[in-house]
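Numbering (UniProt numbering), first residue to last: 1 to 66. Backbone N, C-alpha and C define an ideal beta-carbon position, used for all residues, glycine too.
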């Protein structure tokens with residue numbers, strides 16, 4: 001398990017207050033963490049920073065669009 005006590009969580013600027021958000025913490029040394037903003041005390045997904053950057057790039061270029 002990864003210690004997330006020092007995580008600085010932030011929501012996307014595009015969340016528009018809908019309540020359907022995820023939060024991300026990228027201030028950690030070697031990982032990026034993602035959690036459900038409605039359940040912040042539940043488990044977070046942990047990514048290497050390289051994998052998280054690759055994931056965001058794929059989103060930006062529409063790789064997951066239907």
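Do you know offhand how far residue 9's Cα is from residue 22's?
The straight-line gap from Cα to Cα measures roughly 10 angstroms.
Look at the alpha carbon of residue 62 and the alpha carbon of residue 55, and state the distance between them as a whole number of angstroms.
Residue 62 and residue 55: Cα-Cα distance of roughly 11 angstroms.
In the structure shown, what three-state DSSP assignment does residue 26 receive?
Residue state, collapsed to three classes: coil.
Assign residue 14 to one of three DSSP states: helix, strand, or coil.
If DSSP states are grouped into helix, strand and coil, residue 14 belongs with coil.
Whose C-alpha, out of 13, 12, 30, 14, is nearest the C-alpha of residue 6?
Out of 13, 12, 30, 14, 30 has the C-alpha closest to the C-alpha of residue 6.
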